[in-house]
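Participant:
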Amino acid sequence: MTKTDVEIYDTTLRDGSQGEGINFSVTDKLRIAERIDAFGIHYIEGGWPGSNPKDIEFFTQARRKKFKRARLAAFGATRRKGVAVENDPQVRLLLEAGTPVVTIVGKTWLLHVKEVLRTTPEENLAMIGDTIRYVKNHGKFVIYDAEHSFDGFSDGPDYALATWQAAETAGADFVVLCDTNGGRLPDEIARVTSFACRKLNTKIGIHTHDDIGLGVANALAALEAGAVQVQGTINGYGERTGNCNLTSVIPNVALKLKKNCVPPECGAQL
Numbered sequence: 059m060t061k062t063d064v065e066i067y068d069t070t071l072r073d074g075s076q077g078e079g080i081n082f083s084v085t086d087k088l089r090i091a092e093r094i095d096a097f098g099i100h101y102i103e104g105g106w107p108g109s110n111p112k113d114i115e116f117f118t119q120a121r122r123k124k125f126k127r128a129r130l131a132a133f134g135a136t137r138r139k140g141v142a143v144e145n146d147p148q149v150r151l152l153l154e155a156g157t158p159v160v161t162i163v164g165k166t167w168l169l170h171v172k173e174v175l176r177t178t179p180e181e182n183l184a185m186i187g188d189t190i191r192y193v194k195n196h197g198k199f200v201i202y203d204a205e206h207s208f209d210g211f212s213d214g215p216d217y218a219l220a221t222w223q224a225a226e227t228a229g230a231d232f233v234v235l236c237d238t239n240g241g242r243l244p245d246e247i248a249r250v251t252s253f254a255c256r257k258l259n260t261k262i263g264i265h266t267h268d269d270i271g272l273g274v275a276n277a278l279a280a281l282e283a284g285a286v287q288v289q290g291t292i293n294g295y296g297e298r299t300g301n302c303n304l305t306s307v308i309p310n311v312a313l314k315l316k317k318n319c320v321p322p323e324c325g326a327q328l
C-alpha cells in the first residue's frame, strides 16, 4: 500500500444491519459479502460472533468461501473486567470465527469506563491491552475501534491518548477513531485525527456516523488529516440516521482527494 492509498472497511453486515427495517438472513449476508468483495473493498466486517447464533453461522459458512480481494473481519469487545482474557467466552468466539482480521472495540471516554463498565481507568487500559495482545498472539490482524474517541478526547485528552497507546503497545495494526454519536464537526475530526497521527506510529482509521448529516464530510476530513482507513456502510445504512456512506466516500476519495482506494475498474460501477 502506497502512502496515498486509503483502505475501505465495510461494516454493512454489522453496523448496517442495525438500520430500521433491515434484517439480513445468513444467505443475505453471504451474498452481500460476495458482492462487496467483487467490488474491491479491503475489509468486510461480518458481524459479532459473540452476540447471536446467526453471526456464528455466517462465519461458519464464510470459512468455506474464498474471497478475491477482501479480508473478512469478526467484531467483538475487549475482555470483561476482572476476567482473564483466555477465560472470556466472547474472546474465544472471536478466535473461533476463523477470520484473518479481528476488530476489537474498547472504551475511550472516562464517563463510560466509570458508568458503563463500572471499573477503573487502569483496568480499562488492561482490558484493551490484554485483548489485543492475546488476539495478536493467535496470528490475527487486529483493528482497534476506539469507541467515542472524540467525546472521550474532548472530556479527557490525556486518558483518550492513553487508551490509543495501550492498543498500539499491544500490537494493534490500526487504531480507528470513532465518532460513535455522530455529532462532531469536520474541524474537530481533523484536529484530533492529526493529533493521533502525530502521537502514534500505528496507522489511523476513521469511523463516523451521520446523526448531524456529516458522516461523509467527517470521514474525508480525517483522511485529509492523515487517516488511511475509512469505515462505513453501503448507502449509509446503520443505526439511528446511519453510518458514513461508502457509496459517497469512495468516489470522493478517488476523484476529489486523488487517492487510491478500490480498483479503478470497480469504482466505475458506482
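So the sequence shown is numbered by the numbering used here: it starts at 59 and just counts up by one.
Note that the Cβ used here is the ideal one computed from N, Cα and C, for glycine as well.
1. By how many angstroms is the C-alpha of Leu219 removed from the C-alpha of Ala208?
2. Closer than 7 angstroms by C-beta to Lys112: which residues in its own chain qualify, once you throw out the five before and the five after it? Chain order, please.
3. How should His196 be labelled, buried or exposed, when 16 other C-beta atoms within 10 angstroms of its C-beta is the threshold for buried?
4. Drop a sphere of 10 angstroms on the beta-carbon of Asn303, count the other beta-carbons inside from all chains shown, and report buried for 16 or more, exposed for fewer.
5. Is the number of C-beta pairs between the segment 246–262 and the segment 291–302 that are closer than 8 angstroms three or more?
6. Counting only runs of 3+ residues fully inside the segment 222–250, write out the beta strand (DSSP E) ranges in chain order.
7. Where do the N-terminal and C-terminal ends of the alpha helix (DSSP H) with Leu151 fall, by residue?
8. In whole angstroms, what is the alpha-carbon distance linking Asp63 and Asn182?
9. Measuring CA to CA, which of Gly271, Thr266, Ala280, Ala155 is closest to Thr69?
10. Let's see if you can read the secondary structure: which residues bound the beta strand (DSSP E) around Thr161?
11. Beta-carbon within less than 8 angstroms of Leu71's beta-carbon, same chain only, minus the 5 sequence neighbours each way: which residues are those?
12. Please determine if the segment 227–244 and the segment 132–139 are in contact, where contact requires at least 3 C-beta pairs separated by less than 8 angstroms.
Facilitator: Result, derived from the coordinates:
1. The sequence shown places Phe at residue 208, rather than the Ala named in the question. Each residue's alpha carbon lies about 11 angstroms from the other.
2. Val84
3. exposed
4. buried
5. no
6. 232–237
7. 147–154
8. 33 angstroms
9. Thr266
10. 159–165
11. Spatial neighbours of Leu71 in its own chain (CB-CB distance under 8 angstroms, excluding positions within 5 residues in sequence) are listed in chain order as Phe82, Lys87, Ile90, Ala91, Ile102, Glu103, Gly104, Gly105, Phe116.
12. Three or more beta-carbon pairs separated by less than 8 angstroms are not found between the segment 227–244 and the segment 132–139, which leaves the two stretches without contact.
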